[in-house]
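Visitor:
In our numbering, the protein residues as written are 28 to 338.
(1) Mind checking who residue 211 pairs with in its DSSP beta bridge?
(2) Are the CB atoms of residue 272 and residue 197 within a distance shorter than 7 Å?
(3) Whole angstroms is fine: what's the gap from residue 249's alpha carbon to residue 68's?
(4) With distance defined between alpha-carbon atoms, name the residue in 104, 88, 224 and 199 nearest to residue 146.
(5) Is it buried or exposed for residue 167, if we count other Cβ within 10 angstroms and need 16 for buried?
(6) Count the other CB atoms within 10 Å of the CB of residue 182; is the residue buried (16 or more) or exposed (fewer)?
(7) Just checking residue 73 against the ligand SAM - is the residue's beta carbon closer than 6 Å to any of the ligand's heavy atoms?
(8) Taking Cβ to Cβ, would you say residue 70 is nearer than 7 Å to residue 44?
(9) Rounded to a whole number of angstroms, what is the C-alpha to C-alpha distance between residue 38 and residue 208?
(10) Which of the three DSSP states, helix, strand or coil, is assigned to residue 117?
(11) Is it buried or exposed, residue 153, if we count other Cβ atoms within 10 angstroms and call 16 or more buried?
(12) Tell me where the alpha helix (DSSP H) around residue 261 begins and ends.
(13) Would residue 135 pass as a contact of residue 165 if the rule is Cβ separation under 7 Å?
(14) Using 8 Å as the Cβ pair cut-off and three pairs as the minimum, do the region 284-294 and the region 236-255 touch?
(15) Does DSSP put residue 50 in a helix, a strand or coil?
(16) Thinking residue 211 and residue 236 are a contact (beta carbons under 8 Å), I'd like their distance in whole angstroms, please.
(17) Where does residue 160 land, buried or exposed, given buried means 16+ other C-beta within 10 angstroms?
(18) Below 8 Å on the Cβ atoms is my guess for residue 252 versus residue 156; work out the distance and round it to an integer in Å.
(19) Residues in the same chain with beta-carbon distance under 7 Å from residue 143, minus the five sequence neighbours each way, listed in chain order, please.
(20) Among 42, 61, 295 and 128, which one has its Cα closest to the Cα of residue 225?
(21) Helix, strand or coil for residue 253 per DSSP?
(22) Hey, would you say residue 120 sits closer than 7 Å to residue 172, going by beta carbons?
(23) Comparing C-alpha positions only, which one of 185, 320, 65 and 123 sits nearest to residue 139?
(24) Rounded C-beta distance between residue 63 and residue 55? I'm assuming under 8 Å.
(25) Whose CA, out of 95, 109 and 267, lies closest to the CA of residue 148?
(26) Judging by CA-CA distance, which residue of 169, 188 and 30 is the nearest neighbour of residue 86?
(27) What first and last residue would you give for the beta strand (DSSP E) that runs through residue 145?
(28) What's the C-alpha gap between residue 259 and residue 112?
(29) Could you tell me which residues DSSP pairs with residue 195 in its beta bridges?
(30) Provide the residue span of the beta strand (DSSP E) that contains residue 233, from first to last.
(31) Just confirm the distance between the C-beta atoms of residue 216 and residue 229, as a whole number of angstroms; I'd bet it's less than 8 Å.
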């Protein structure tokens, strides 16, 4: 028997994101700081965590979330009728350095507030264990965008600290593979390949430090749901961080390879740079969670078989 109330609940909570994707498809850019691409992945998290639940949401709770969804949709619409210009003009008041990160930050703040409010109405405090990944992904993205807005480039020392090590590792790989000439100087790579020379200055977002933070938040929330020993949770967490760092190294390498082997044209390279990180990080995040679920499902089935045999 279908839990229709839950399905309606999923549709209601998804409606502002679906509206943004349908009404403003151009805003669903896959660069982490230049669009609402994160909405799509948050939606996948929300649906994946809610679908199939046996919890029945009352009609009263469903109806009480609809006005919140309409207010969120109204916010998205109002951006097209002057609100976005107001947000941009307010950036100077708060000494914001990067306007785009500032404006997109508010999109994620508003959507995170709506999703958390909707889940709280549906499930009470239990939402933290039932469906934490979507809201935490939205909140984490908003936090990273705020850091990028107020502390752009290399002004946020702690996050920039690891970047030179990433750069040096990348230069070493290029040299070993004999792909061209590469020299590292702090957070700058000087590359010379088949299409000429190019200097790449790497800042913490380009190095994928933001993805490590978001991964930590999402996977930490996911671990709350798993009924497994803490030691195994810790192992998964550490392996996930190592995997995310590896993905970031691959990302920097791919950006260098693109300059060495494809083109040194700044416009073409920038287009690739905009999507390279999320194309690698987000599939890795989903794949890691899926692998953990498969491993733990098999372990659970084995333990159930053993307990049955003992009886």
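A virtual CB, placed ideally from N, CA and C, is assigned to each residue, including glycine.
Please read all numbers here as calculations on a predicted model, not as lab measurements.
Guide: On the basis of the supplied data:
(1) Within the chain shown, numbered from 1, the residue matching residue 211 stands at position 184. The partner list for residue 211 (beta bridge, DSSP) reads 216.
(2) On the chain shown, residue 197 is found 170 positions in, with the first residue counted as 1. On the chain shown, residue 272 is found 245 positions in, with the first residue counted as 1. Against a cut-off of 7 Å, the Cβ pair of residue 272 and residue 197 comes out as no contact.
(3) Numbered from its first residue, the chain shown carries residue 249 at position 222. Numbered from its first residue, the chain shown carries residue 68 at position 41. Approximately 15 Å, taken between the alpha carbons.
(4) Position 119 of the chain shown, counting from 1, holds the residue named residue 146. Here the closest residue by C-alpha is 88.
(5) Your numbering for residue 167 matches position 140 in the chain shown. Buried, because 16 or more other Cβ atoms sit within 10 Å of the Cβ of residue 167.
(6) Along the chain shown, one-based indexing puts residue 182 at 155. Exposed, because fewer than 16 other Cβ atoms sit within 10 Å of the Cβ of residue 182.
(7) This structure lacks the ligand SAM; in fact it carries no ligand of any kind.
(8) The sequence position of residue 70 within the chain shown is 43, counting from 1. The sequence position of residue 44 within the chain shown is 17, counting from 1. Between residue 70 and residue 44, the gap from beta carbon to beta carbon is short of 7 Å.
(9) Along the chain shown, read from residue 1 onward, the residue named residue 38 stands at position 11. Along the chain shown, read from residue 1 onward, the residue named residue 208 stands at position 181. In a straight line, the C-alpha of residue 38 is about 53 Å away from that of residue 208.
(10) For the purposes of this step, residue 117 is identified with residue 90 of the chain shown, where counting begins at 1. Residue state, collapsed to three classes: helix.
(11) Counting from one through the chain shown, the residue named residue 153 turns up at place 126. Exposed: under 16 other Cβ atoms inside 10 Å.
(12) Counted from its first residue, the chain shown places residue 261 at position 234. Start and end: 257-284.
(13) Sequence index remark: in the chain shown, residue 135 carries index 108 (1-based). Sequence index remark: in the chain shown, residue 165 carries index 138 (1-based). The beta carbons of residue 135 and residue 165 sit closer together than 7 Å.
(14) Cβ pair count under 8 Å is below three, so no.
(15) For the purposes of this step, residue 50 is taken as the residue at position 23 of the chain shown. Residue 50: helix per DSSP, three-state reduction.
(16) For this step, residue 211 is matched to residue 184 along the chain shown. For this step, residue 236 is matched to residue 209 along the chain shown. Not quite, the Cβ-Cβ distance comes to about 17 Å (not below 8 Å), so this is no contact.
(17) The residue given as residue 160 occupies position 133 in the chain shown. In summary, residue 160 is buried, with 16 or more beta-carbon neighbours lying within 10 Å of its beta-carbon over all protein chains present.
(18) In the chain shown, residue 252 corresponds to position 225, counting from 1. In the chain shown, residue 156 corresponds to position 129, counting from 1. Contact annotation, residue 252 with residue 156: C-beta distance approximately 6 Å; criterion of less than 8 Å satisfied.
(19) In the chain shown, counting from the first residue as 1, residue 143 sits at position 116. So the list reads 162, once near-sequence residues are dropped.
(20) Here residue 225 corresponds to residue number 198 of the chain shown, with the count starting at 1. Nearest neighbour of residue 225 by Cα position, chosen from 42, 61, 295 and 128, turns out to be 295.
(21) Translated into the one-based positions of the chain shown, residue 253 becomes position 226. DSSP, reduced to helix, strand and coil, places residue 253 outside both helices and strands of the structure shown, so it counts as coil.
(22) Here the question's residue 120 lines up with position 93 in the chain shown. Here the question's residue 172 lines up with position 145 in the chain shown. Residue 172 is positioned such that its CB atom lies no closer than 7 Å to that of residue 120.
(23) Numbered from its first residue, the chain shown carries residue 139 at position 112. It is 65 whose Cα lies nearest to the Cα of residue 139.
(24) Residue mapping note: residue 63 aligns to position 36 of the chain shown, counting from 1. Residue mapping note: residue 55 aligns to position 28 of the chain shown, counting from 1. So it is a contact: roughly 5 Å between Cβ atoms.
(25) Within the chain shown, the letter at position 121 stands for residue 148. The shortest C-alpha separation from residue 148 is found at 95.
(26) Position 59 of the chain shown, counted from the start, is the residue given in the question as residue 86. Here the closest residue by C-alpha is 30.
(27) On the chain shown, residue 145 is found 118 positions in, with the first residue counted as 1. In the DSSP annotation of this structure, residue 145 is not part of any beta strand (DSSP E); the continuous alpha helix (DSSP H) holding it starts and ends at 126-150.
(28) Position 232 of the chain shown, counted from the first residue, corresponds to residue 259. Position 85 of the chain shown, counted from the first residue, corresponds to residue 112. Taking the straight line from one Cα to the other gives about 49 Å.
(29) For the purposes of this step, residue 195 is identified with residue 168 of the chain shown, where counting begins at 1. Answer is none; residue 195 lacks a bridge partner.
(30) As a first step, residue 233 is located in the chain shown; it is residue number 206 there, counting from the start. Looking at the DSSP string, residue 233 is not in any beta strand (DSSP E), and its letter there is neither H nor E.
(31) As a position in the chain shown, residue 216 is number 189, starting the count at 1. As a position in the chain shown, residue 229 is number 202, starting the count at 1. Residue 216 to residue 229, Cβ: 7 Å. Contact.
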